[in-house]
Amino acid sequence: MTVTDGSPVTIVATDADDQPRRTPELEELYRGFESELLVPLWTEIGDLMPPTPRSKAVPHLWRWDRLLPMAERAGRLVPVGRGGERRAIALANPGLGGRPFATPTLWAAIQYLNPGEDAPVHRHTQNAFRFVVEGEGVWTVVDGDPVAMRRGDFLPQAGWHWHGHHNDTDAPMAWIDGLDIPFQHLVESTFFEFGPDEVETRETPQRSRSERLWGHPGLRPLTHLEPTPATPLLAYRWEYTDRALAEQLALEAEGHRATVEPGHAAVRYTNPTTGGDVMPTVRAEFHRLAPDTATAPRQEVGSSVFQVFDGTGQVTVGRQSWSVQRGDLFVVPSWQPLTLATEGGLDLFRFSDAPIFERLHQHRVQYKETAQ
Ligand code: GTQ
Ligand code: FE2
1 MTVTDGSPVT IVATDADDQP RRTPELEELY RGFESELLVP LWTEIGDLMP
51 PTPRSKAVPH LWRWDRLLPM AERAGRLVPV GRGGERRAIA LANPGLGGRP
101 FATPTLWAAI QYLNPGEDAP VHRHTQNAFR FVVEGEGVWT VVDGDPVAMR
151 RGDFLPQAGW HWHGHHNDTD APMAWIDGLD IPFQHLVEST FFEFGPDEVE
201 TRETPQRSRS ERLWGHPGLR PLTHLEPTPA TPLLAYRWEY TDRALAEQLA
251 LEAEGHRATV EPGHAAVRYT NPTTGGDVMP TVRAEFHRLA PDTATAPRQE
301 VGSSVFQVFD GTGQVTVGRQ SWSVQRGDLF VVPSWQPLTL ATEGGLDLFR
351 FSDAPIFERL HQHRVQYKET AQ
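Per the UniProt record's numbering, the sequence shown runs over residues 1 to 372.
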């Protein structure tokens, strides 16, 4: 019997305790199963039906100060163009066999574009977003609408919309991409099409058409009253996120209930046509811990990727602990408890696959540590 304990190491158990004795007749029966392509439940049950989720993905941290120089080197050595499509370098979780998967469902990558470069137009069924931890100067053009990318902005880009990126400044720019590539790969639902090699517009407006139509809090255009499965708003600007978090902490200080726990402000990016998640498979949030805050351990079905936006802190995921700083990325596998702590304050961007599990009624959250 093969048992995985959530670590990349595989433990091969002897056929003691829960397995019948390996008599010659039993061996013959097992050979019969094999040649008829049959597998009995009793040899597999520990792996297939554990008492709580056992992710093959492991907690892991990628440091921004190692990632960014590699992206810069790729910027000098690797052209961007048709075929490869993007100069994107993906996080490969050490528990997932070297595939470019941060978690079993989520892709996370650093993407890099030099001055004057175009990432050609394409579309795919995978849902995507960009998040910017530093820099500016790239416009992502979604269905012909140029959307400026700047520090702190969250830029969702739902599946099957045409998109390319162009850098019209004289500085290179890096950002992170999140997509549901591993999920769509697993469930075999992916389609892809090439568009024009050159991004259709060189325009560099400060505000996209999408923001001009949708970017007014609490106001919905009467021309667009039908709910859409993904958000029509293509940029969630840092100015608003920052203010929402600051106001939660200010309200808490004034004695009102506005934070998820003491010193912990948080917002979720939402689809203004439904109030739900921005995309069918991806949840995105921003969390702010005030100075000298520690969170209660929390575990959740499904996986997350976090990026430190600002500040420093200590992060514990399962049995792993790290000191983190700006730009660092870490992974929280399914049902592994997460705790966050900071002395000076900590700002974190987070994305997860929670909408998939909620839709399937498989989602669970638990706020205190339990035996795994
Ligand atoms: O920018 O369109 O990291 O299609 C992976 C796949 C980025 C993108 C990635 C993509 C893109
Ligand atoms: Fe893409």
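The beta carbon of each residue, even a glycine, is placed where N, CA and C say it ideally should be.
Where residue i sits in the DSSP three-state scheme
i: Glu27; result: helix
i: Ser323; result: strand
i: Gly32; result: helix
i: Trp175; result: strand
i: Phe183; result: helix
i: Pro20; result: coil
i: Asp143; result: coil
i: Pro69; result: helix
i: Tyr236; result: strand
i: Ala371; result: Legend: pLDDT at Ala371 = 46, less than 50; position of this residue unreliable, no value from coordinates given.
i: Leu41; result: helix
i: Val12; result: Any reading at Val12 is ruled out, since the residue's pLDDT is 47, under 50, leaving its predicted position unreliable.
i: Asp277; result: strand
i: Gln248; result: helix
i: Ser7; result: Any reading at Ser7 must be qualified, since the residue scores a pLDDT of 48, below 50, and its modelled position is unreliable; no value is offered.
i: Arg350; result: strand
i: Met1; result: For Met1, the predicted structure reports a pLDDT of 38, less than 50, and the residue's modelled location is therefore unreliable. A value from the coordinates is still provided. Residue state, collapsed to three classes: coil.
i: Thr259; result: coil
i: Leu155; result: strand
i: Gly75; result: helix
i: Ala92; result: coil
i: Arg243; result: helix
i: Ala253; result: helix
i: Gly137; result: strand
i: Asp47; result: helix
i: residue 378; result: Coverage of the chain is limited to positions 1 through 372, which leaves residue 378 absent and any answer about it impossible.
i: Phe101; result: coil
i: Ser303; result: coil
i: Thr52; result: coil
i: His363; result: coil
i: His224; result: coil
Heavy atom of the ligand GTQ within 6 Å of residue i beta-carbon
i: Arg86; result: yes
i: Ala109; result: yes
i: Asp153; result: no
i: Asp143; result: no
i: residue 399; result: Since the first residue shown for the chain is 1 and the last is 372, residue 399 is missing from the structure and cannot be characterised.
i: Asp177; result: yes
Assumed close pair residue i, residue j - CB separation to whole angstroms, cut-off 8 Å
i: Leu48; j: Ser303; result: Not a contact, Cβ separation roughly 19 Å.
i: Pro272; j: Thr223; result: About 14 Å separates the two Cβ atoms, so there is no contact after all.
i: Met173; j: Val138; result: 5 Å
i: Ala108; j: Val305; result: 5 Å
i: Asp180; j: Gln111; result: Not quite, the Cβ-Cβ distance comes to about 16 Å (not below 8 Å), so this is no contact.
i: Glu285; j: Arg350; result: 5 Å
i: Trp175; j: Val132; result: 5 Å
i: Trp62; j: Asp328; result: 7 Å
i: residue 374; j: Gly311; result: Nothing in the structure corresponds to residue 374, since the chain is present only between 1 and 372.
i: Asp197; j: Arg31; result: 56 Å between Cβ atoms; not a contact.
Boundaries (first-last residue) of the beta strand (DSSP E) holding residue i
i: Gly313; result: Gly313 to Val317
i: Thr339; result: Leu338 to Thr342
i: Ala128; result: Ala128 to Phe131
i: residue 374; result: Outside the displayed range of the chain (1 to 372) lies residue 374, so it cannot be described from this structure.
i: Trp62; result: His60 to Trp62
i: Leu113; result: Trp107 to Leu113
i: residue 377; result: In this structure the chain extends from 1 to 372, so residue 377 is not present and cannot be described.
i: Glu285; result: Arg283 to Leu289
i: Asn167; result: His163 to Asn167
i: His264; result: His264 to Arg268
Sequence-distant residues of the same chain with beta carbon closer than 6 Å to residue i, five excluded per side
i: Gln248; result: Ala258, Thr259 and Ala265
i: Tyr236; result: Phe154 and Tyr269
i: Pro217; result: none
i: Arg288; result: Leu245, Ala265 and Asp347
i: Thr339; result: Thr295, Pro297 and Thr316
Contacting residues, own chain, Cβ-Cβ under 7 Å from residue i (five flanking each side not counted)
i: Arg220; result: Pro272
i: Leu213; result: Pro221
i: Thr241; result: Gly152, Val267 and Phe286
i: Glu252; result: Ala258 and Thr259
Where the alpha helix (DSSP H) through residue i begins and ends
i: Glu358; result: Ala354 to Arg359
i: Arg212; result: Arg209 to Trp214
Neighbourhood of residue i by C-beta distance below 8 Å, restricted to the same chain and skipping five residues each side
i: residue 441; result: Nothing can be reported for residue 441, as the shown portion of the chain is limited to 1 through 372.
i: Leu360; result: none
i: Ala90; result: Pro100, Phe101, Ala102, Trp107, Ala108 and Ala109
i: Ser321; result: Gln314 and Val315
i: Gly98; result: Ala92
i: Glu193; result: His122, Arg123 and His124
Any heavy atom of the ligand MG within less than 6 Å of residue CB: hits in chain order: As far as ligands go, the structure on display features the ligand GTQ and the ligand FE2 and does not contain the ligand MG.
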